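Here's the structure, in structure tokens; my notes come after.
Protein chains in written order, with our numbering: chain A, 266 to 642; chain B, 266 to 642.
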């Protein structure tokens with residue numbers, strides 16, 4: 266039986282029991298809202314994680330790359346939504362996936378893209394279910410509710426039998442941190458997409474699928490009548506950004522980076538560890554939150570929080586852990602000697618996990634399994 | 266013959282001719298200084314790149330992980346320096362590499378680490394050439410010149426026949442941007458390590474190897490008498506941070522990310538592309554430089570600069586390209602229609618390359634080869 270004390274660092278640890286609790290919580294929340302949960306698997310990119318989500322009740326997935334669609338279709342998942350506006354150079358690939366039996370749907374937010382998809386469908390005498398992306402909060406892509414281009418896109422897709430519905434992602438929820446604001450954003454997300462569904466239907470167009478979601482709004486929504494499915498990704502592991510938003514506690518974070526103390530600069534109060542930004546990612550998502558966790562919050566080898574410490578800076582393979590109060594105790598090297606193992610909680614689980622090719626699945630300090638994960642496009 | 270117009274985006278492009286020029290420039294610079302060049306291969310993590318560096322005259326490499334040591338030793342490179350202070354849980358691995366014929370050297374900056382290495386060497390009746398890390402600019406790890414702990418570390422290693430020399434890395438050079446400041450930093454880097462070499466020798470200890478290096482100081486040094494080798498990594502590709510420091514021009518950057526326009530938000534002046542931070546990395550290294558390039562500088566499909574644009578923001582799989590002057594032209598979607606290919610130059614080549622498992626090696630728009638790269642530890 267291997268323990269975390271027998272492996273080289275840095276390593277990516279995944280607390281299985283914690284992940285399972287997170288999966289059950291989201292499934293139960295979305296079940297209670299009367300919607301289907303379509304987990305966004307860009308967070309894990311790992312079949313055992315997705316399998317656990319499917320076994321808990323999800324029947325479909327969301328992906329951020331066609332590589333994710335390929336990988337999980339290869340594992341038997343059929344109902345897949347690719348939730349990034351389809352680039353022209355990916356239309357053939359998407360149609361190939363469908364030709365092989367994958368029930369893939371895609372999204373667009375422009376007449377140009379809708380027309381390109383429709384033309385490809387007509388040429389190949391096939392259909393490609395497409396959802397129109399709606400901009401519910403101004404944070405990125407999508408058609409604004411009320412914009413007549415929505416119906417124009419709808420007609421272009423419908424002419425090729427490929428209009429499947431509407432979808433939105435309230436990414437703006439990441440900037441909030443009170444239950445009231447989150448509930449309000451969840452309602453705004455819902456209302457935006459319902460308005461667009463109504464506009465399509467009023468124009469005589471079909472709108473079977475009405476899809477919303479982000480982890481913060483999914484966990485804050487109180488009523489989603491008219492919505493058919495909810496998408497959420499990072500909840501499976503949670504992270505410090507989600508804790509800062511308030512939709513989980515630090516104890517709910519299933520992912521951590523195991524690192525070793527490799528040096529000290531006592532005059533500066535620095536403990537040097539072998540997890541730098543290559544191991545943590547460069548994500549600084551908590552920088553704009555109430556509590557800035559630098560490159561990560563620190564725990565001991567068993568994961569118990571060490572709130573006096575934080576990773577204040579990072580180079581490629583070096584992390585600088587220092588005292589939050591800025592003090593420089595003379596006995597720093599005695600308190601955290603060379604070889605001390607620490608666990609670093611990530612700002613953003615999607616970014617940190619992407620730096621690794623496997624999860625070391627742990628039960629306490631015991632490594633019970635190793636789960637591969639993939640990256641790239 | 267495949268061109269960049271026939272592949273899916275995002276993709277990592279490597280201009281071979283540009284890389285070859287960069288390799289020749291650094292080799293010639295270090296040859297002229299009378300030192301050996303030991304390229305830091307953490308930037309590429311790809312054998313064809315390292316092979317080109319070896320063929321240009323480098324006889325040895327620097328690595329940031331033991332995985333890099335394993336991979337390139339497997340390709341036949343024997344002389345390897347692992348330039349991160351050795352964690353106790355990696356001592357056995359390092360000794361195993363040596364037992365298999367790899368001439369691996371390591372670094373430490375503490376008596377505790379030196380003692381642990383010496384004990385392992387004595388127990389296994391082997392030697393592990395170890396350099397003492399010197400702090401030449403206060404930016405991270407190492408023993409300060411003049412600190413008596415240097416000689417203490419030296420004695421601990423020498424007792425096990427494992428003291429090989431001294432090394433330093435003037436990472437502080439990344440914060441400079443004038444030739445004068447860079448020349449001065451190169452002299453400071455050299456002087457710090459020479460002082461430590463002298464201190465070891467004065468104590469009757471050997472100090473065969475005297476190693477310095479960072480790309481900015483390597484290209485700025487004017488005299489390195491007493492130094493035996495120079496380490497540098499990012500010069501092989503260069504990047505926007507290096508251009509901001511002033512040691513290369515934007516035209517010397519060999520690496521770029523090919524991306525497609527997938528949407529527009531004309532009212533905000535946003536062109537949405539399919540390269541987000543997963544494709545660029547979260548590195549914002551130019552944020553503190555005179556010109557902040559956001560998540561990357563934009564060129565057209567052939568790489569010609571489009572200085573009016575920059576990647577001002579990024580989500581996981583979405584990049585937001587906008588006009589530098591903040592304008593919102595009504596004809597944005599006509600100027601850069603859906604499907605337009607752009608090349609994005611990276612802030613930090615090491616971070617961007619790490620997001621990919623291969624380089625598409627290009628000659629203009631033609632993809633002439635695909636070179637695999639690895640990640641992880």
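For glycine and all other residues, C-beta sits at the position ideal for the given N, C-alpha and C. Because the structure is a prediction, the values reported are computed rather than measured.
Beta-carbon gap between residue i and residue j smaller than 8 Å
i	j	result
residue 279(B)	residue 560(B)	no
residue 497(A)	residue 319(A)	no
residue 608(A)	residue 521(A)	yes
residue 489(B)	residue 512(B)	no
residue 349(A)	residue 375(A)	no
residue 570(A)	residue 515(A)	yes
residue 397(B)	residue 373(B)	yes
residue 586(A)	residue 556(A)	no
residue 402(B)	residue 436(B)	yes
residue 509(A)	residue 442(A)	yes
residue 419(A)	residue 460(A)	no
residue 438(A)	residue 487(A)	no
residue 628(A)	residue 281(A)	yes
residue 493(A)	residue 457(A)	no
residue 630(B)	residue 395(B)	no
residue 331(A)	residue 305(A)	no
residue 610(B)	residue 534(B)	no
residue 298(B)	residue 506(B)	no
Inter-residue Cα distance where the pair is residue i and residue j
i	j	result
residue 523(B)	residue 626(B)	12 Å
residue 632(A)	residue 338(B)	29 Å
residue 551(A)	residue 322(B)	45 Å
residue 500(B)	residue 445(A)	51 Å
residue 598(B)	residue 574(B)	14 Å
residue 294(B)	residue 617(A)	37 Å
residue 405(A)	residue 536(B)	10 Å
residue 518(A)	residue 288(A)	12 Å
residue 427(A)	residue 635(A)	41 Å
residue 314(B)	residue 462(A)	52 Å
residue 367(A)	residue 346(A)	10 Å
residue 545(A)	residue 642(B)	13 Å
residue 296(B)	residue 286(B)	15 Å
residue 355(A)	residue 327(B)	39 Å
residue 606(A)	residue 582(B)	33 Å
residue 273(A)	residue 464(B)	34 Å
Assigned exposure category for residue i - 16 Cβ within 10 Å defines buried
i	result
residue 553(A)	exposed
residue 336(A)	buried
residue 266(B)	exposed
residue 613(B)	buried
residue 592(A)	exposed
residue 429(B)	buried
residue 275(B)	buried
residue 341(A)	exposed
residue 474(A)	buried
Chain-order list of residues whose beta-carbon lies under 6 Å from that of residue i (same chain, five-residue window excluded)
i	result
residue 325(A)	303 and 344
residue 363(A)	369
Residues near residue i in its chain [Cβ-Cβ closer than 7 Å; skip 5 each side]
i	result
residue 640(A)	310 and 619
residue 421(A)	376, 379, 380 and 383
residue 531(B)	593, 595, 597 and 598
residue 637(B)	311, 622 and 623
Spatially closest choice to residue i from the options, by CA coordinates
i	options	result
residue 300(B)	476(B), 444(B), 404(B) and 390(B)	476(B)
residue 528(A)	451(B), 493(B) and 408(B)	408(B)
residue 572(B)	579(B), 642(B) and 564(B)	564(B)
residue 558(A)	576(A), 543(A), 545(A) and 544(A)	576(A)
residue 416(A)	595(A), 427(A) and 470(A)	470(A)
residue 453(B)	582(B), 463(B), 410(B) and 423(B)	410(B)
residue 579(A)	547(B), 502(B), 286(B) and 582(B)	547(B)
residue 451(B)	540(B), 479(B), 424(B) and 567(B)	479(B)
residue 540(A)	334(A), 604(A), 448(A) and 271(A)	604(A)
residue 491(B)	431(B), 447(B), 502(B) and 506(B)	431(B)
residue 584(A)	284(A), 365(A) and 562(A)	562(A)
residue 277(B)	455(B), 307(B), 351(B) and 543(B)	543(B)
8 Å CB neighbourhood of residue i in its chain, flanking five on each side removed
i	result
residue 353(A)	378 and 381
residue 466(B)	472
residue 360(A)	385, 386, 389, 391 and 393
residue 316(B)	340
residue 448(A)	485, 486 and 487
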